[in-house]
Structure formats: structure tokens, C-alpha cells
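Just below is one structure, and these are the notes that go with it.
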Amino acid sequence: MSAREPRYAIHTISAPSTACFPVSAVLPDLEYPSVLTYHFSPPRFNQQVLIDTTPLPDHIPKVPEIGASSAPLLSASYFIGARCKPYNDDYMHCKDQSNGKGEMDCLREGRKVTRCAGSVLEDINKSCLDEFRKHWECLDNNNQQLWQCRRWERPLNKCVFDNLKLEKTIPGAPENETPVHLRKKQIFAHSIASQ
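Under my numbering, the very last position in the sequence shown is 207; numbers go up by exactly one each time.
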């Protein structure tokens, strides 16, 4: 095998237009269509990723994807949670009610969550871009460990609270203790005193 030959070949398989076995011979009382009516778009392969190009149904609202990597999403996650909690709760309630089969049933609620998260990121980028960028770049460079980026997290939290009135709260944190991100002395912090 030369260096230019592909290691894998992709073969396209076309779906048959009629049933492969005589269904009417098995159950003669029922009528079956002679042609399968599937809306099928051929998938695109991008190395290991399968992208389904079949469009969503028309009753599902169109929403652009957020397009952010994991570090900016982690940096803004508490603010997204603060503003989008009702939408998140609706989505999770829909998923619970559908018993694990709510992929299509809950798309409308999922789109509301996406739209809300996108609006939070837009507002943070407009109001606190420098603080936001410093924090998520720190997360990106430090294996997304929040404790290593407290130095840049505090100015971001202050800016978001002052401009957007969104406050970072950690769900399930004990009420009688100071939250970990507000403590003066951090156990695993890199020179918090120099802040």
C-alpha cells in the first residue's frame, strides 16, 4: 500500500424502493405500500464524525448554534444558569415526561435553552469582553480547573453583576458557609494574594 492510497473506502448503499420480502404473503389482510416513503439525505462523513444532513421539521423553530468551545461555556455557565433556569427546567421536565424518548418532542424547549444561552454570551461579550476573555483563556490553559482561575473570575463576576445583574451561585452549596469562589484564602490557588 503506498502512502497516497486511502486506508478506508466509503461505499454508498442505496435503500431499496420496495420491500425485500413478500409481506402480503405473510399477512394477506393488510395493505402495504409498494414504495417505502422515507425522507432520506445521505450522511456526510468527516473522519470519525457522522453529520446527519436531514433538515428538521418545519414546526421546530430555527436557532443558530452557539458555536463556542467548552472554555467560554464553562466561564459563562453560572450566568447562563442564572438567566436561563426557567427554560432549563422546562426542557428537563419535558425530557422527564417523555421517558427517554423526547428527542423530537423536546426540540422546541431545547431551542429556547440554546437561544437563551446565546443571549447571555452576547451580553457578556458586549459588557465584559476583556474580563470574560481573560477568564476563559485561563480555563483553556489550565485544564478547565476553576480553582486555578479565581484571580480572573472575581473581576468577571463583578462586571457581570454590575452590568447584567447576574450573580454566580453554586447550586447545592451550604448556606451557612462562604461559597468557594468568594473565599479569601484558597486551598489550591495560585497567588490569590496578588490579586
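The C-beta atom is built at its ideal place from N, Cα and C for all residues, glycine as well.
Where residue i falls: helix, strand or coil (DSSP)
i: glycine 184; result: coil
i: isoleucine 78; result: coil
i: leucine 178; result: coil
i: glycine 130; result: helix
i: leucine 68; result: coil
i: aspartate 117; result: coil
i: glycine 122; result: helix
i: cysteine 10; result: As shown, the chain starts at 13 and ends at 207. That puts residue 10 outside it, with no answer to give.
i: phenylalanine 33; result: For phenylalanine 33, the predicted model reports a pLDDT of 43, less than 50, meaning its position is unreliable; a value from the coordinates is still stated below. DSSP places phenylalanine 33 in coil when its eight states are reduced to three.
i: glutamine 160; result: helix
i: asparagine 155; result: coil
i: lysine 196; result: coil
i: proline 167; result: helix
i: lysine 146; result: helix
Cβ-based neighbour list, residue i, same chain, cut-off 8 angstroms, excluding 5 preceding and 5 following
i: cysteine 161; result: His147, Cys150, Leu151, Asn154
i: leucine 168; result: Ser87, Cys140, Glu143, Phe144, Lys146, His147
i: cysteine 106; result: Gly114, Asp117, Cys118, Glu121
i: isoleucine 136; result: Ala88, Phe91, Phe144, Val172, Leu176
i: glutamate 134; result: none
Close Cβ partners of residue i (< 6 angstroms) along its chain, the five nearest in sequence each way excluded
i: aspartate 117; result: Ser110
i: leucine 119; result: Ile72
i: lysine 180; result: Tyr90, Asn169
i: alanine 94; result: Leu178
i: aspartate 108; result: none
Bounding residues of the alpha helix (DSSP H) (the contiguous stretch that carries residue i)
i: glutamate 189; result: From DSSP, glutamate 189 is part of no alpha helix (DSSP H); its letter is neither H nor E.
i: alanine 94; result: 82-109
Residues near residue i by beta carbon distance below 7 angstroms, same chain, minus five either side
i: glutamate 189; result: none
i: glutamate 187; result: none
i: alanine 129; result: Ile78, Ile92, Cys96
i: glutamine 156; result: Ser82, Ala83, Leu86
i: aspartate 80; result: What sits at residue 80 in the sequence shown is alanine, not aspartate. Closer than 7 angstroms at Cβ, skipping near neighbours: Leu133.
Residue-level contact to chain D via CB, residue i, 9 angstroms cutoff
i: proline 167; result: As a matter of chain content, chain D is missing from the structure shown, which is built from one protein chain.
Residue i CB to nearest heavy atom of the ligand GDP below 8 angstroms
i: arginine 166; result: For the structure depicted, the ligand GDP is absent and the ligand set is empty, with no information on it obtainable.
Decide if the stretch 67-78 is in contact with the stretch 115-124; the criterion is three or more beta carbon pairs, one per stretch, under 8 angstroms apart.
The stretch 67-78, when compared against the stretch 115-124, does touch it at the 8 angstroms Cβ threshold.
Flag this pair as touching only if the stretch 100-120 and the stretch 170-178 have three or more C-beta atom pairs under 8 angstroms; answer yes or no. Judged by Cβ distances under 8 angstroms, the stretch 100-120 makes no contact with the stretch 170-178, as fewer than three pairs qualify.
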